[in-house]
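Numbering (the working numbering), first residue to last: 3 to 161.
Below: the structure, in structure tokens.
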Amino acid sequence: MIRTFAPTDMEAALDIWLRASVRAHDFVPPDLWQGQLEAMRTQYLPAADVHVFEHAATVAGFCALVEDRLAALFVAPERQGQGIGTALLRHAQQRRSSLELSVYASNAPSIAFYQSHGFSIAGHTVDAATGQDEYTMRWMHPEASRQATPAAAPFDSTR
């Protein structure tokens with residue numbers, strides 16, 4: 003079940019975030035993630051629209067949206083590969099007409115995951131905190147992209 007984040011979910015979400023970050027980003031020193039734990043607790047999660055995936059009264063993953071940005075999508079490492087990430091991503095996609103996210107270029111599994119759900123690479127930057135290359139990926143709801151496409155110009159015989 004996906005539900006709105008509650009204050010009592012904080013410790014579970016932080017534990018998932020830390021363990022999944024260390025596992026997925028083995029190219030970044032683990033102490034960097036540990037050093038961000040308090041900012042996650044006091045700044046990032048409180049500022050976001052957070053939803054958790056709960057199963058058997060246990061938080062198994064969460065996603066965080068900040069406007070049209072998917073700021074976080076994390077699943078407990080022992081629960082990965084069970085459709086939880088897909089469920090959370092679809093939930094986020096239902097709540098927005100477009101989404102943008104950042105993902106490390108070295109995180110091939112996550113890039114493939116997002117691409118399989120309609121995201122495409124839209125840009126490349128370097129993360130200032132880690133020095134790692136990262137991609138900006140974007141997704142737009144199919145209906146929104148149809149509405150955003152300008153109508154074809156009338157036939158012009160001078161072209």
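The C-beta atom is built at its ideal place from N, Cα and C for all residues, glycine as well.
- Query: What residue does the beta strand (DSSP E) around Ala22 start on, and which one ends it?
  - Reply: DSSP places Ala22 in no beta strand (DSSP E) but in the uninterrupted alpha helix (DSSP H) bounded by Met12 to Ala26.
- Helix, strand or coil for Ala8 per DSSP? Reduced to three states, the DSSP call for Ala8 is coil.
- Could you tell me which uninterrupted alpha helix (DSSP H) segments, each at least 4 residues in length, are contained entirely in the stretch 83-150, listed from first to last along the chain? Counting only runs of 4 or more, we get 86-97, 110-118 and 144-150.
- Return the chain-ordered list of same chain residues with a C-beta closer than 6 Å to the C-beta of Asp129, the five sequence neighbours on each side being excluded. Cβ within range, chain order: Glu136.
- Rounded straight-line distance, which links the Cα of Leu103 to that of Ala73: Inter-residue distance for Ala73 and Leu103 is about 6 Å (C-alpha atoms, whole angstroms).
- Query: On the three-pair Cβ rule with 8 Å, is the stretch 100-114 touching the stretch 14-32?
  - Reply: The stretch 100-114, when compared against the stretch 14-32, does touch it at the 8 Å Cβ threshold.
- Message: To the nearest angstrom, how far is the alpha carbon of Arg140 from that of Leu75?
- Response: Each residue's Cα considered, the two are about 15 Å apart.
- Message: Counting beta carbon pairs with one atom in the stretch 36-43 and one in the stretch 85-93, are three or more of them shorter than 8 Å?
- Response: The stretch 85-93, when compared against the stretch 36-43, does not touch it at the 8 Å Cβ threshold.
- Item | Exposed unless 16 or more other CB atoms sit within 10 angstroms - verdict on Gly125 | Exposed: under 16 other Cβ atoms inside 10 Å.
- Query: Which value, in whole angstroms, describes the spacing of the CA atoms of Thr10 and Met3?
  - Reply: Cα-Cα distance, rounded: 16 Å.
- Task: Rounded to whole angstroms, what's the CA-CA distance from Val68 to Ala50? Just pull it up for me.
- Result: Cα-Cα distance, rounded: 5 Å.
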